[in-house]
Amino acid sequence: MNHLGEIISLGVAVSWTITAWYADKASRRVGAMVTNVLRLVLATLFLGLLLWITIGRPYPIYANQEAWFWLSLSALVGYVFGDYCLFNSYLYIGPRFGQLMMTLAPPMAAIAGWIMLKETLSLKSIFAMGITLCGIAISILSRDSGKHFKLDLPLKGILLGIGAGVGQGVGLVLSKIGMGHYSEAIPADAPGQMEWVLPFASTMIRAIVGGIGFLIILSLRGGFGKLISAVKDPVSIKYASIITLFGPAVGVSLSLMAVRYANAGIASTLMALTPVIILVPEVLINKKKIRPKEVIGLAISITGVALFFLL
């Protein structure tokens, strides 16, 4: 199917919009560290159940040492470093500006793909990427701008946002490398479902390693008391469940599937449409009025997306 990777990438953007919406709520309620531990533990359980139902084993069967190494490295870069930075950036600069910094992910993915995978981008693709990123930036910057925009954000929040973008972009490419090794390790007589189950099995490896990483950091900070309190809080569990479903369980798994069928830089750019798509719930739920600049930014972003399909 033509442009399958691009279509999946758009689905990832929608999934991550839902994740971002509830991640901000959860982080402000129980903290970014506890939120990440909860969602990765729940993701591991969910993915284990999925694998058990589909291939009869509740763990990533057939994964070799190379697959575990690269997927674990991607978890440390994308989850432990990238998501830690992202969730904490929400606390300092809010989800809107946090998502603005995430526009660094596509170029970082493209650069990492060029260095590690020797992937190349045509001038037309680079042009489409630039158009899309410009639209995303305009949409976000217009939200808090009047006639004159003044960037007045804490330096710590900006650095955390940059770290989030770098972590996601590089982590995505590391995941692609890990899945490549995983795919090569699957024997010829493996169940036919392994082809589409592979991204979910890969995500389970990442969730396991990422969860362990966050637990270690949480223990060093003496935060187990907050974790226990969060487990007893129905609202926190509700938020964590939603984040898990649309984040590690569905969104991340689909993102790994997307990079199997599309260039990492292009896929990451389309996934970066989250800050534009998030305008929809803001209008329908928060009754937020969209400013003309936001409409312009949205139109530019959609144009950029269309160019990926037309060029």
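Sequential numbering of the sequence shown, starting at 166, is according to the working numbering. Glycine included, each C-beta is placed from N, C-alpha and C at the ideal position. Predicted, not measured: the structure shown is a model, and the values here were computed from it.
Count the C-beta pairs between the segment 256-267 and the segment 178-192 that are closer than 8 Å, then say yes if the count reaches three, no if not. yes
Please report how far the alpha carbon of Leu-316 lies from the alpha carbon of Gly-196, in whole angstroms. In this prediction, Leu-316 has a pLDDT of 49, which is less than 50 and means its spatial position is unreliable; what the coordinates show is noted afterwards. Roughly 26 Å between the two C-alpha positions.
Reduced DSSP category for Thr-285 - H, G, I as helix; E, B as strand; rest coil: coil
My output table needs one value for His-168: the three-state DSSP class, helix, strand or coil. coil
Grab me the residues of Ala-240's own chain with a C-beta within less than 6 Å of its C-beta, minus the 5 sequence neighbours each way, in chain order. Taken in chain order, the residues that qualify are Arg-371, Val-374, Gly-375.
Are the segment 352-370 and the segment 379-395 in contact at 8 Å, needing three or more beta carbon pairs? no
Inter-residue Cα distance where the pair is Ile-461 and Gly-295: 15 Å
If you draw a straight line from the alpha carbon of Thr-268 to that of Ser-433, how long is it in whole angstroms? Each residue's alpha carbon lies about 9 Å from the other.
For Asp-354, name the three-state secondary structure that DSSP assigns. coil
Looking only at C-alpha atoms, which of Gly-387, Leu-282, Ile-431 sits nearest to Leu-472? Ile-431
List the endpoints of the continuous alpha helix (DSSP H) containing Ala-232. 230-240
Enumerate, from N- to C-terminal direction, the unbroken alpha helix (DSSP H) stretches of 4 or more residues contained entirely within the segment 322-396. 359-385, 389-396
Decide yes or no for the touch test of the segment 173-182 against the segment 414-429: beta carbon pairs closer than 8 Å, at least 3 of them. yes
Since Met-359 and Ile-220 should fall inside the 8 Å C-beta cutoff, what is the C-beta to C-beta distance between them, to a whole number of angstroms? 7 Å
With a CB to CB cut of under 6 Å and the five nearest residues on each side skipped, what residues in its chain are close to Ile-173? Leu-419, Met-422, Ala-423
Looking at C-beta atoms only, is the number of pairs between the segment 209-219 and the segment 278-298 that lie closer than 8 Å three or more? no
For Arg-425, the nearest candidate out of Met-273, Ser-348, Ser-237 (CA to CA): Ser-348
CA-CA distance, Leu-410 and Lys-452? Pairing Leu-410 with Lys-452, the inter-Cα distance amounts to about 26 Å.
Pro-356 versus Ile-218, His-168, Arg-194, Asn-201, residue with shortest Cα-Cα distance: Ile-218
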